[in-house]
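Per the UniProt record's numbering, the very first residue in the sequence shown carries number 1; after that it's consecutive. Read through the structure below, which is laid out as structure tokens, and then see the notes.
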Amino acid sequence: MPHRKAEKPHNILDEPLHGFYIPTALFLVGITITTYMSQEYRILYCLPVFFGIVLVRIVSALTRLKSITVNGWHELELMEQTLISKNSAIYRFRMKSNVDFLDFAPGQHLAVRVKIEGKEYVRTYTPISPRHERGFFDIIVKSYPDGTVSKYFAGLVPGQTVEFQGPVGKLNYVPNSSKEIGFIAGGSGITPLLQLVNEIVTVPEDFTKIKVIYLNETENDILLREELNEMSDKYPNFQIAYVLHKPHQDWPGYTGYITKELMEKHLPAADDDNRLFMCGPKGMNDMALNFASELGWKVRSQPSHPDDQVFVF
């Protein structure tokens with residue numbers, strides 16, 4: 001079972017301004033004034049001791065700030081859980097410090113380790129919060145009837161902890177390295193797209209266009225639909241088409257599975273200046289890869305390499 005922690009109070013000394021810069025400046029000003037007025041220059045002999053203390057403080061601060069590292073697992077506390085569909089929720093985890101943040105590049109994920117009935121399970125999830133959001137991060141977890149780890153997450157309550165490690169992931173994305181990016185997402189496979197869009201829209205110099213086909217079973221399964229539609233309305237370089245396998249009678253969008261015709265209509269052309277990303281169930285990925293090859297995309301054997309034109313998460 002996960003551990004439970006008490007609410008962590010805000011520590012103003014975790015902030016560099018209050019915990020380091022102001023105390024250091026006050027001390028040095030005090031030493032200067034005292035030395036000048038007393039003419040006792042022996043006071044300056046204490047400076048090596050002071051800088052030793054400062055060094056210890058810096059090392060301690062850096063240690064506290066490292067909420068997640070590539071080597072080793074770190075327990076982080078669940079702050080809140082927000083349901084966004086009948087079987088999916090956003091989980092917000094608290095960083096060790098209010099100034100810490102996940103500086104993950106697009107395509108990098110978090111590894112999660114949980115222990116259930118004495119057995120360890122490891123899964124990867126993509127953070128959906130902006131990479132420089134301080135003090136916390138968000139992930140989406142979709143529950144499945146036979147999903148051991150997703151059921152475990154559904155049973156968590158605020159205050160419990162989960163072990164994280166990262167970043168993991170191979171995708172290499174450089175702003176403006178492609179004119180257009182096509183993205184085929186299925187279900188919770190939309191999360192790497194959100195990470196990529198957050199990166200692009202927060203960099204004014206990045207003019208990359210993104211065209212998306214998002215597939216789900218039912219309309220209720222569409223995750224963060226309002227946010228995606230808002231992005232489509234607000235950013236002209238972002239377009240999205242929805243596809244449902246089991247739509248209701250009045251569904252105005254596309255129905256069925258991924259098709260070659262849908263890819264031709266709603267994704268960029270197979271040009272050297274463009275890329276194609278996929279994230280979803282294996283069956284969807286396999287079908288999309290076959291169609292991509294027929295459309296002229298450079299499809300390599302899996303797993304994907306960081307700079308592949310067609311990259312499968």
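Ideal placement from N, C-alpha and C gives every residue a C-beta, glycine not left out.
With distances taken from CA atoms, which of the options is nearest residue i?
i: F265; options: I184, N198, Q309; result: The amino acid at residue 265 is misidentified as Phe; the sequence shows Lys. Considering only alpha carbons, the answer is I184.
i: W251; options: S97, F101, N274, N220; result: N220
i: G296; options: G72, D273, C279; result: D273
i: N172; options: R134, F277, V149; result: F277
i: Y144; options: G187, P158, V299, S178; result: G187
i: T218; options: L193, G283, P247, M284; result: P247
i: C279; options: G189, T32, T259, E180; result: G189
i: residue 320; options: T161, P158, L193; result: In the structure as shown, the chain begins at 1 and stops at 313. Residue 320 is therefore absent and cannot be evaluated.
i: E180; options: E294, A89, A269; result: A269
Can you tell me the Cα-Cα spacing of residue i and residue j, whole angstroms?
i: E75; j: T69; result: 11 Å
i: L223; j: N87; result: 10 Å
i: P167; j: T255; result: 36 Å
i: V114; j: E120; result: 6 Å
i: D146; j: G118; result: 18 Å
i: L267; j: F136; result: 34 Å
i: N198; j: F313; result: 17 Å
i: E170; j: P306; result: Looking at the sequence provided, one finds Lys at residue 170 rather than Glu. Their backbone Cα atoms lie some 5 Å apart in a straight line.
i: Q165; j: V112; result: 7 Å
i: N98; j: D138; result: 15 Å
i: G182; j: A292; result: 11 Å
i: F238; j: I210; result: 5 Å
i: V201; j: Y235; result: 8 Å
i: E163; j: L215; result: 31 Å
i: P281; j: M95; result: 31 Å
i: Q302; j: G107; result: 16 Å
i: N176; j: D271; result: 15 Å
i: G253; j: E230; result: 17 Å
i: R134; j: W73; result: 20 Å
i: G159; j: I240; result: 37 Å
i: H3; j: T148; result: Low confidence applies to H3: its pLDDT is 44, below 50, so where it sits in the model is not reliable, and the reading given next is rough at best. Cα to Cα, the separation comes out at about 18 Å.
i: S304; j: D233; result: 32 Å
i: E261; j: E205; result: 32 Å
i: F311; j: N285; result: 10 Å
i: T161; j: F153; result: 10 Å
i: K5; j: I33; result: Reliability fails at K5, whose pLDDT of 42 lies under 50, so the model's placement of it is uncertain and the value that follows must be treated cautiously. Spanning the two alpha carbons is a distance of roughly 46 Å.
i: D100; j: R225; result: 29 Å
i: S67; j: G155; result: 23 Å
i: A89; j: V243; result: 21 Å
State yes or no: is the C-beta of residue i within less than 9 Å of the C-beta of residue j?
i: F93; j: L78; result: yes
i: T191; j: Y125; result: yes
i: S85; j: K142; result: yes
i: Q195; j: I128; result: yes
i: M263; j: I213; result: yes
i: D103; j: R131; result: yes
i: V203; j: Q81; result: no
Determine the extent of the beta strand (DSSP E) in which residue i is found, giving its start and end residues.
i: H109; result: 109–116
i: S88; result: 88–94
i: N229; result: Where N229 is concerned, there is no enclosing beta strand (DSSP E), although the alpha helix (DSSP H) it sits in stretches over 225–234.
i: Q239; result: 238–244
i: S85; result: 74–85
i: D308; result: First-last for D308: undefined, no H or E at that position.
i: A105; result: From DSSP, A105 is part of no beta strand (DSSP E); its letter is neither H nor E.
i: V70; result: Careful: V70 lies outside any beta strand (DSSP E) and carries neither H nor E.
i: P167; result: 161–168
i: D286; result: That residue, D286, is in no beta strand (DSSP E); its alpha helix (DSSP H) goes 282–294.
i: N176; result: Premise fails: N176 is in no beta strand (DSSP E) and is neither H nor E.
i: E120; result: 119–125
i: V141; result: 136–142
i: N274; result: 274–279
i: L215; result: 209–216
Please classify residue i as buried or exposed, where buried requires at least 16 other C-beta atoms within 10 Å of its C-beta.
i: H245; result: exposed
i: H109; result: buried
i: F207; result: exposed
i: E227; result: exposed
i: Q249; result: exposed
i: D308; result: buried
i: N290; result: exposed
i: N71; result: exposed
i: I140; result: buried
i: I258; result: buried
i: I12; result: Interpretation of I12 is limited by its pLDDT of 49, a score under 50 that renders its predicted location unreliable; the figure taken from the coordinates is listed afterwards. Exposed, since its Cβ has fewer than 16 Cβ neighbours within 10 Å.
i: R275; result: buried
i: V299; result: buried
i: V174; result: exposed
Identify the continuous alpha helix (DSSP H) that holds residue i and give its terminal residues.
i: V149; result: 148–154
i: P192; result: 191–201
i: E264; result: 260–266
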